[in-house]
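> Mapped onto UniProt numbering, the consecutive letters of the sequence shown carry residue numbers 1 to 176. No residue lacks a Cβ here, since even glycine has one placed at the ideal position from N, Cα and C.
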Amino acid sequence: MAGELTRVAVQYPVLRGAPKESACYPETIHTDPMEFIITVLILSLQVLCSQGCLEGCRCYSTTVECGSLGLTAVPPNIPAFTQTLFLQDNDITHISQWDFGHLSQLQNLYIQNNSLSTIDPGALSRQHSLVELALNGNRIQHLNHSIFEGLDHLRVLYLAGNYISWLASLTFRGLQ
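1. Using the three-state DSSP reduction, which class does ILE119 fall into: helix, strand or coil?
2. Just to confirm the assignment, what range does the beta strand (DSSP E) spanning VAL131 have?
3. Grab me the residues of ALA134's own chain with a C-beta within less than 6 Å of its C-beta, minus the 5 sequence neighbours each way, in chain order.
4. Assign GLU35 to one of three DSSP states: helix, strand, or coil.
5. Going straight from the alpha carbon of GLU132 to that of VAL64, what length do you get?
6. Buried or exposed: which applies to VAL74, given that a residue is buried once 16 or more other Cβ atoms fall within 10 Å of its Cβ?
7. With distances taken Cα to Cα, identify the nearest neighbour of LEU116 among TRP166, GLN83, LEU103 and LEU71.
8. Give me the Cα-Cα distance between LEU175 and ILE37, rounded to the nearest whole angstrom.
The following block contains the structure:
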């Protein structure tokens with residue numbers, strides 16, 4: 001019997017008013033177990049894909065690429081499971097405290113070469129898993145002392161090509 005596939009009977013309830021054994025509401029469906037597993041896997045992938053990729057972006061696995069789209073703001077509804085987010089080469093000017101709040105698994109954020117001049121205090125505070133942050137090539141002039149607070153795992157930070165003229169004391173406190 002090992003390795004031998006058998007047929008599985010799946011019992012579905014018959015809806016009131018539906019003719020018994022109709023094509024739409026069969027009382028019993030017989031299916032091959034491997035066929036059933038493949039069907040469940042396909043349906044699971046469809047559900048995952050139906051969460052959707054943002055219009056114009058490219059999504060694969062846990063990566064969302066929204067580079068060079070002319071975006072002026074961080075797009076809403078970035079999938080919560082995103083670990084790597086590319087927003088480079090757009091016209092984003094501001095990061096608010098709500099833009100990335102739901103992205104608790106975010107590890108890599110590339111937002112270089114935008115028009116970014118303002119990052120709200122606390123805008124990155126929920127990204128405890130963030131390892132790499134690219135802010136280079138923007139218009140940042142000031143870095144608030146709390147901007148990197150809570151980013152205990154941050155290991156790579158790109159700030160070159162900005163207009164930074166003032167740093168608050170302890171801006172980089174807690175970073176390694």
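According to the data block:
1. Start at 1 with the first residue of the sequence shown, and residue 119 comes out as number 119. Residue state, collapsed to three classes: strand.
2. As a first step, residue 131 is located in the sequence shown; it is residue number 131 there, counting from the start. Premise fails: VAL131 is in no beta strand (DSSP E) and is neither H nor E.
3. Position 134 of the sequence shown, counted from the start, is the residue given in the question as residue 134. Within the same chain, ALA134 has close Cβ partners TYR110, GLN112 and TYR158.
4. Numbered from its first residue, the sequence shown carries residue 35 at position 35. DSSP places GLU35 in helix when its eight states are reduced to three.
5. Here residue 132 corresponds to residue number 132 of the sequence shown, with the count starting at 1. Here residue 64 corresponds to residue number 64 of the sequence shown, with the count starting at 1. Their Cα atoms are separated by approximately 15 Å.
6. In the sequence shown, counting from the first residue as 1, residue 74 sits at position 74. Its Cβ being crowded by 16 or more others within 10 Å, VAL74 is buried.
7. As a first step, residue 116 must be located in the sequence shown, where it is residue number 116. Checked all of TRP166, GLN83, LEU103 and LEU71; the closest Cα to LEU116 is LEU71.
8. Within the sequence shown, the letter at position 175 stands for residue 175. Within the sequence shown, the letter at position 37 stands for residue 37. Taking the straight line joining both Cα atoms gives about 47 Å.
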